[in-house]
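Everything below concerns the one structure shown next.
2 protein chains.
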Amino acid sequence: MKHKPNTGPSSRRGVQRAGVLSVRMPDIDYGALDGLIGYSLRRAQIRIYQDFLDSLAPWSITPPRFSAMSIIHANSGLKLTTLAQAMGIARSGAVQVVNALEKLGYVQRMDSSKDKRAHALVLTAEGVKTLETITREITAHDARISVRMTAAEQSELRRLLDLLG
Amino acid sequence: MKHKPNTGPSSRRGVQRAGVLSVRMPDIDYGALDGLIGYSLRRAQIRIYQDFLDSLAPWSITPPRFSAMSIIHANSGLKLTTLAQAMGIARSGAVQVVNALEKLGYVQRMDSSKDKRAHALVLTAEGVKTLETITREITAHDARISVRMTAAEQSELRRLLDLLG
DNA sequence: TATTGTTATACTCTATAACTATA
DNA sequence: TATAGTTATAGAGTATAACAATA
């Protein structure tokens, strides 16, 4: 029994995409899932997620990587443990993200002057430039997903979302 | 260099939890991420996700498994390919979910009377009973996360979420 | 002792590709 | 030929645990 997969384009493998109810099929009864606020939220999140991923993909950036770059940019010189806490992930996970971003040339581990154990994380010049471009893309994405709402509705949505949880 | 991990409780390993901005740290500047509707949405989703996972955990149920059970229950006898489409995942992914649910005793693959290739997916009696209990838990979870909103606000939030994307 | 970064390991969820049995 | 289910493989993202270096 021979299997030789993975000969085609691997552009999208490994990226977590949909998972739950990405598309509502008209012939399918979703049972108790309908009517829950949590599922309305989840569905909306999934619905816009692909467009979000597509906006990041040209730079080999994933959502966690984008978050990391944004946080590093706005808090230049922070250490890895702080980054992990800010992202809400384990330190070992932050190592992976930073490794990937370093490999892409967007982030650099500088020696911390105060603590020989720690690194000072900074964006490279290319990282800054790329983040600016990506941020423009994401802002455009955000405008796209909001296009069916008035400005008042958008701000009301934000208010209600902050009430959740 | 020896490593002997995984001796502790493994209850939570492998479950995708936070990832992006789960906790907003007061001393951290999140940069351009603030002010985007997409990030308000993502943050809200992450904020309530742990409570959601905790509601499912006692039955070894994950969000995709809960979706699958709900869909199978409401569309008894459907085939695996239809389940995959309804969930928005690949057929191979649906196989994994069904395998796990079968192992837990919640789902059964019946022979399809019409098509010898296909299976008719059904919940077992225990699966039905468990789903009912879980559904009560999830409904309670939904009430918990909505507690700061009036009924009118909840229905407005649902309307606005459906406008997104 | 405690913290920082790292590595080893494991697991979920997703994907593509190829296979088999049927249609 | 096309479809249904399965298996093999791969990869992102998460986790816990243990480690060396430093505080």
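Protein chains in written order, with my numbering: chain A, 836 to 1000; chain B, 836 to 1000.
Beta carbons: idealized from backbone N, C-alpha and C, even for Gly.
- A:R983 reaches chain B at L998, L999, G1000, counting residues in chain order whose Cβ is nearer than 9 Å.
- Interface residue (Cβ-Cβ distance to chain B less than 8 Å): A:H954 is not classified as such.
- According to the DSSP assignment, B:D889 belongs to the alpha helix (DSSP H) that extends over 872 to 891.
- Chain-ordered, the chain A residues with CB closer than 8 Å to the CB of B:R993 read I872, S875.
- Residue-level contact by beta carbon holds for B:D977 and chain A, with a gap shorter than 8 Å.
- Interface flag for B:I896 against chain A is unset, since no Cβ pair is found closer than 8 Å.
- Interface flag for A:Q943 against chain B is unset, since no Cβ pair is found closer than 8 Å.
- What B:E988 touches in chain A, judged by beta-carbon distance under 8 Å, is L995, L998, going in chain order.
- Under DSSP, B:A955 shares a beta bridge with B:M945.
- Judged by pairs of C-beta atoms under 8 Å, the stretch 888 to 902 of chain B touches the stretch 973 to 983 of chain B, as three or more such pairs exist.
- Comparing alpha-carbon positions, the option among A:R993, A:L936, A:Q931, A:L876 lying closest to A:W894 turns out to be A:L936.
- Beta bridge pairing from DSSP links B:L913 with B:L956.
- If you ignore the 5 residues before and after B:L966, its C-beta comes within less than 6 Å of the C-beta of M904, H908, all in its own chain and listed in chain order.
- Between B:V957 and B:M945, the C-beta gap is smaller than 8 Å, which places the two residues in contact.
- Per the coordinates, the alpha-carbon of B:I969 lies some 18 Å from the alpha-carbon of B:K938.
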